[in-house]
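Heads up: the structure comes next, in structure tokens.
Residue numbers (our numbering): 1 to 196.
This is the structure:
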């Protein structure tokens, strides 16, 4: 949290912002996720053209050449909506994430029971997380604590257009206790349970 800004929330300008910051790993699963995202955006454009016109998806993908993803976005006719950016350091990306209406998170099935540092950061920002992946500790934590939503990859095509049209709004429990996710607490727990 030392590098995180005070959560500000999205500006009240009518724009629906979705911001992804991170890597796309998991090879075939990442490809499936990206394809589902494109289909969901195309479906949103068909069902809710006015809402879709006010949608922006910003991708800050790390560790990958994004050229092939950019080509797929262009091929789907989504270049005006989906924008690629160079990765940013934490101090610069967190204010951008804090203004998102939804922060999508793709977790490969092998990590479905692992709450990594990305979750600690997003929970602190109090932005709704849209977890896309298999059910596990990650999805249960998000759903049970009202931190956003969790869907299987094949469900994204039906949910995302409704989010963009604001037919469904993901809320976040502002009273959710972040203590278990903070480094100091995790370190203390490691000392007590592992290194004793």
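Even for Gly, the Cβ is constructed at its ideal location relative to N, Cα and C.
Proximal residues to residue i (C-beta, below 7 Å), its chain only, five neighbours per side dropped
| i | result |
| --- | --- |
| residue 100 | 10, 17, 18, 19 and 127 |
For residue i, the three-state DSSP class (helix, strand or coil)
| i | result |
| --- | --- |
| residue 174 | coil |
| residue 150 | strand |
| residue 59 | strand |
| residue 157 | helix |
| residue 34 | helix |
| residue 24 | coil |
| residue 142 | helix |
| residue 129 | strand |
| residue 105 | strand |
| residue 114 | coil |
| residue 166 | coil |
| residue 73 | helix |
Inter-residue Cα distance where the pair is residue i and residue j
| i | j | result |
| --- | --- | --- |
| residue 90 | residue 84 | 17 Å |
| residue 145 | residue 118 | 16 Å |
| residue 124 | residue 154 | 28 Å |
| residue 13 | residue 64 | 32 Å |
| residue 39 | residue 68 | 16 Å |
| residue 75 | residue 115 | 34 Å |
| residue 56 | residue 80 | 8 Å |
| residue 88 | residue 66 | 15 Å |
| residue 172 | residue 22 | 21 Å |
| residue 78 | residue 191 | 49 Å |
| residue 82 | residue 163 | 16 Å |
| residue 178 | residue 86 | 29 Å |
| residue 28 | residue 193 | 36 Å |
| residue 71 | residue 93 | 24 Å |
| residue 139 | residue 187 | 24 Å |
Which listed residue (the options) has its alpha carbon closest to that of residue i
| i | options | result |
| --- | --- | --- |
| residue 170 | 142, 107 and 58 | 142 |
| residue 37 | 103, 63 and 87 | 103 |
| residue 175 | 164, 147, 159 and 105 | 147 |
| residue 106 | 15, 155 and 30 | 30 |
| residue 131 | 137, 151, 122 and 116 | 151 |
| residue 269 | 28, 24, 114 and 42 | In this structure the chain extends from 1 to 196, so residue 269 is not present and cannot be described. |
| residue 156 | 34, 21 and 15 | 34 |
| residue 97 | 121, 149 and 140 | 121 |
| residue 58 | 15, 45 and 187 | 15 |
| residue 158 | 46, 115 and 88 | 46 |
| residue 167 | 22, 44 and 129 | 44 |
Beta-carbon proximity list for residue i, same chain, < 6 Å, skipping 5 on both sides
| i | result |
| --- | --- |
| residue 134 | 109 and 112 |
| residue 137 | 113 |
| residue 165 | 48 and 51 |
| residue 149 | 130 and 170 |
| residue 73 | 79 and 82 |
Spatial neighbours of residue i in its chain, beta-carbon cut-off 8 Å, leaving aside the 5 residues before and after
| i | result |
| --- | --- |
| residue 24 | 30, 33, 34, 61, 64, 69 and 106 |
| residue 54 | 14, 15 and 16 |
Interface flag, residue i vs chain B, CB-CB below 8 Å
| i | result |
| --- | --- |
| residue 64 | This model lacks chain B altogether; it includes just one protein chain. |
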